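Novice: One structure, pasted below without further comment.
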Amino acid sequence: MSNKEQKTLRLILGDQLNLNHSWFREINPNVIYVLMEVRQETDYVVHHIQKVLAFFAAMRYFAGQLRDIGHTIHYIKLNSPNNLQSFSENLTALIEKFAIGRFEYQLPDEFRVDQQLKTFCDALKIPWAAVDSEHFLTGRSDLQHHFAEKKQYLMESFYRMMRKRYNILLDGEKPVGGKWNFDVQNRRKYDGAVPVPNPILFHNEIADLKTLLTRMKVNSFGECSDSLLWPINREQSLQAMRFFIENGLPHFGTYQDAMATSHWALFHARLSFALNTKMIHPMEVIEAAIHTRQENKSEIELHQLEGFVRQILGWREYVRGIYWAHMPGYSKMNFFNNTRPLPHFYWDGDTKMQCMKYVIRQSVKYAYAHHIQRLMVTGNFAQIAGIHPDAVDAWYLGIYIDAIEWVEITNTRGMSQFADGGLMATKPYNSTANYIHKMSDYCQDCFYDRKKKYGDRACPFNSLYWAFYFRHRDKLAANPRIGMMYRVMDRFEKEEFSGILKQAEYYIEHIEEL
Ligand code: FAD
Ligand code: DLZ
Ligand code: SF4
C-alpha cells in the first residue's frame, strides 16, 4: 500500500471533547477518529450514574458534530458487538481492521490512561504520536519548574506567575486594584440579602442511555431522571458560562465560601464538567468574565471577578501541576496513617448530622457540591474521623460530575485530607462546628448541639476535631500555623479534655450510627 493511501487512526478520550482542537481544522478522509464507551472507564471506580450518562451523552454528541462537519468517525458504543471494553484492545483491533498506518492520541489527563497508552504505543509496529490536548494554560511540568526544589508549593506564588504570564488583571507589572488577592472581602455567610439565581438546568434526553447502562449491568449509584441537567455540548456549555457571568459572577467572590440549605449551587458557576471535558476552554471563560466586567464595571466588582479568575487561572492549573509532579506516588500518600473505612452514610446521607446529610443528599441528587461543601463538610469529617484516604478518594472520584483523577485526587488527598503532609496546604483544612455554623445555616435544625463538645447530643465535629489534633501532635505541633491551636488545647481543664476525648472515642466506635 502506498503512503498516500495509508490511514491514520486518532483516539479521542471522553474528556477530550474540544471542538477547536487543531486536529479538526482539516477534513481528511484518510483520518479515522475513534471514540469508545468502555468498561475499563465505567468500572475503575463506582461512578454516580449522572457522571457516566453525561460522559456518554457528551461523547455521542461530539461524535455526531464531527461527523456532520465531514470527519470520519468510528464510534464504539458500550454494547457494540465488537467492543473489547478496553482502549488498548479496541485500538489493536481497529488498527488491524482498517489497515492503519499511523496512530495518534492526545495526551491524557490521567496518569493511569497515560501509562496505558504509552505501553500500547511502545509495542506498536507502526509510527505513532502523542499530541497536546490544547486545553490547559500550563504544560504538565511547568509547576514543577516554577517551584524547582521547594518543599511546599504555594498556590499564591504560582497564581501570580500565571497572572503575569497571561497578562490577566494587570496594570503594567502591578495587579489591577493594587492587590493580588481579595479573599478577605470574600468570606460572607449567605443571609438572603441578594436573590440567588435559579441554576440553569438543561433537559438532555438520556432514557435510552440509562436503559443501556442497566442492560449492561454497569454498577453505579445516585439519582437520575430521564433528563440530564448537565451541559453535554459546547453550545450548552457556552450558555451555562454566559448564565453564570450574568447571574452568578456579580456575587461570586462574596459568597464563594457560603453554604445554605435553600440553595445547592448558590452563586457558583457549575462549569467544571464543561471545562474538564474540554467543551470550553479556560481562557475563554476568563476572558468572557473580564470582558463583561469591562463593559459593565458597576455591576461586577473587582473582588468578585478576581475570586473567580483565581479558581480557573490559579487553582485549576495548580492542582494539575501538582498531579503531574507527584504521580504516581501521590495516590499512595497517607500522612496520618489513617485506616478507617468510609461510613455508610456517605452513600445515602442517612445521618443525624444535618450538614453531612444535606451535602451528601445534594451530591446524590445532582452529582454536585460546591467547593466549601466538599472541603469543609464531607472532607472535614473524613479527615478528623481518620478515614483511609483511598476510601475518601474513591468516593470523591465516583460521586462528582467533574471528577477526573488529576483534579480530584489533588483536591481530596492534598487539600482536604492533608495526606501529602502539607505539600499543597499550609495546614490541615478542618474545623469544629464553629466554622460550619459561621458559614451556613446547617446547624439550625440539627439533632446535635453545635455548642457542646461532649455529653448528650454534642456535635461530633467538636470532639473529633480536638481528638484529631491530640492524636497527631507529634506531626503537627511544629507547624507555625497550628502552634496556637495547641496552646488553646493545653489550656483546657484536664477533666473537660478527657470528656472530649472519651466522646470522640465513643463517636468513632459508633460512627455508623451518627
Ligand atoms: P466554581 O466555584 O464556580 O469555580 C469555577 C471553576 O474554577 C470550576 O468550574 C473549576 O474548574 C475551577 N476550580 C475551582 N476550585 C478549584 C479547585 N480547588 N481545583 C481545581 N479547579 C477549581 N474539581 C473538579 O473539577 N473535579 C473534582 O473531582 C474535584 N474534586 C474536589 C474534591 C475536593 C475534596 C475538593 C475540596 C474540591 C474538589 N474540586 C474538584 C474543586 C472544586 O470543588 C470544583 O471544581 C467546583 O466545586 C466545581 O464547581 P463549579 O464549577 O461551580 O466551581
Ligand atoms: C469518566 C468516563 C467514563 C465513565 N467512561 C468513559 C468511556 O467509556 N470512554 C472514554 O473515552 N472516557 C470515559 N470517561 C472519561 C475517561 O475516564 C477519561 O477520558 C480518562 O480518564 C482520561 O482522563
Ligand atoms: Fe453539622 Fe455539628 Fe452543625 Fe450538626 S451541629 S450541622 S453535625 S456542625
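Each position in the sequence shown, counted from 1, maps to that position plus 61 in this note's numbering.
Virtual Cβ for every residue (Gly too), placed ideally from N, Cα, C.
Just so we're clear, the structure is a prediction, and the values are computed from it rather than from any experiment.
Measure the C-alpha to C-alpha separation of residue 495 and residue 423 and round it to an integer number of angstroms.
Specialist: 22 Å
Novice: Pick helix, strand or coil for residue 213, following the three-state DSSP scheme.
Specialist: coil
Novice: Using only the alpha-carbon positions, how far apart do residue 430 and residue 460 sit?
Specialist: 10 Å
Novice: Starting from the C-beta of residue 203, find all residues in its chain whose C-beta is less than 7 Å away, skip the five residues before and the five after it, and write them out in chain order.
Specialist: 382
Novice: Would you mind listing the alpha helix (DSSP H) stretches within the region 331 to 369 that are 4+ residues and don't spill past its ends, in chain order?
Specialist: 333 to 337 and 343 to 356
Novice: Taking the straight line between their C-alpha atoms, what separation do you get for residue 166 and residue 152?
Specialist: 11 Å
Novice: If we count the other Cβ atoms within 10 Å of its Cβ and call it buried at 16 or more, is residue 283 buried or exposed?
Specialist: buried
Novice: Check the C-beta distance from residue 103 over to residue 279 and give it rounded, since I have them as a contact under 8 Å.
Specialist: At roughly 5 Å, the Cβ-Cβ gap stays under 8 Å, so residue 103 and residue 279 are in contact.
Novice: Taking the C-alpha atoms as reference points, what is the distance between residue 132 and residue 88?
Specialist: 6 Å
Novice: In the DSSP output, what is residue 260 paired with across the bridge?
Specialist: Bridge partners of residue 260: none, in fact.
Novice: Within the chosen definition, does the region 382 to 392 reach the region 328 to 341 through at least 3 CB pairs nearer than 8 Å?
Specialist: no
Novice: Threshold first: 4 residues or longer. Then list the alpha helix (DSSP H) segments lying entirely within the region 383 to 466, N to C.
Specialist: 406 to 409, 415 to 427, 441 to 446 and 450 to 460
Novice: Tell me which same chain residues have a C-beta within less than 7 Å of the C-beta of residue 79, skipping the five on either side of it?
Specialist: 194, 195, 196 and 339
Novice: Does the structure place the region 489 to 508 close enough to the region 516 to 534 that three or more beta carbon pairs sit under 8 Å?
Specialist: Yes: at least three Cβ pairs fall under 8 Å.
Novice: Quick one: what's got a C-beta closer than 8 Å to residue 155's C-beta in the same chain, skipping five residues either side?
Specialist: 70, 93, 95, 135 and 161
Novice: Spell out the partners DSSP gives residue 164 in its beta bridges.
Specialist: 70 and 189
Novice: Looking at residue 334 and ligand 2, is the gap between the Cβ and the nearest heavy atom below 7 Å?
Specialist: no
Novice: CA-CA distance, residue 159 and residue 148?
Specialist: Rounded to whole angstroms, residue 159 to residue 148 spans 16 Å at the Cα level.
Novice: Please confirm if the region 401 to 417 is in contact with the region 431 to 444, defined as three or more CB-CB distances below 8 Å between the two stretches.
Specialist: yes
Novice: Could you name the residues of the same chain whose beta carbon sits closer than 6 Å to that of residue 116, not counting the 5 residues immediately before and after it, in chain order?
Specialist: Apart from sequence neighbours up to five positions away, the residues of its chain that approach residue 116 with a beta-carbon distance below 6 Å are 75, ordered along the chain.
Novice: Give a single yes or no on whether residue 498 has its beta carbon closer than 7 Å to a heavy atom of ligand 3.
Specialist: yes
Novice: Is residue 502 buried or exposed, if buried means 16 or more other CB atoms sit within 10 Å of its CB?
Specialist: buried
Novice: Do residue 302 and residue 349 count as a contact pair if the criterion is CB distance below 8 Å?
Specialist: yes
Novice: Tell me whether residue 613 is buried or exposed, calling it buried when 16 or more other Cβ atoms sit within 10 Å of its Cβ.
Specialist: Outside the shown range of the chain, which is 62 to 575, sits residue 613, and nothing can be said about it.
Novice: Should residue 91 go down as buried or exposed, given a rule of 16 or more other Cβ atoms within 10 Å for buried?
Specialist: exposed
Novice: Can you check which of these residues, 406, 466 and 138, is closest to residue 575 by C-alpha distance?
Specialist: 406
Novice: Taking residue 135 as part of the beta strand (DSSP E), name the residues at either end of that continuous run.
Specialist: 133 to 137
Novice: Output yes or no for whether 8 Å exceeds the beta carbon distance between residue 109 and residue 281.
Specialist: yes
Novice: For residue 328, which of helix, strand or coil comes out of DSSP?
Specialist: coil
Novice: I need the residues with a C-beta less than 6 Å from some heavy atom of ligand 2; please give them in chain order.
Specialist: That gives 74, 75, 76, 97, 98, 99, 102, 103, 108, 113, 116, 169, 170, 171, 174 and 465.
Novice: Taking just the CA atoms, how far does residue 474 sit from residue 581?
Specialist: For the chain, the structure presents residues 62 to 575; residue 581 sits outside this window and is missing.
Novice: Can you give me the start and stop residues for the beta strand (DSSP E) that residue 96 sits inside?
Specialist: 92 to 97
Novice: Would you report the Cα separation of residue 563 and residue 482, rounded to the nearest angstrom?
Specialist: Each residue's alpha carbon lies about 27 Å from the other.
Novice: Compute the Euclidean distance between the alpha carbons of residue 77 and residue 445, then round it to the nearest angstrom.
Specialist: 37 Å
Novice: Below 8 Å on the Cβ atoms is my guess for residue 111 versus residue 289; work out the distance and round it to an integer in Å.
Specialist: Contact between residue 111 and residue 289 holds: CB atoms are separated by about 6 Å, below the 8 Å threshold.
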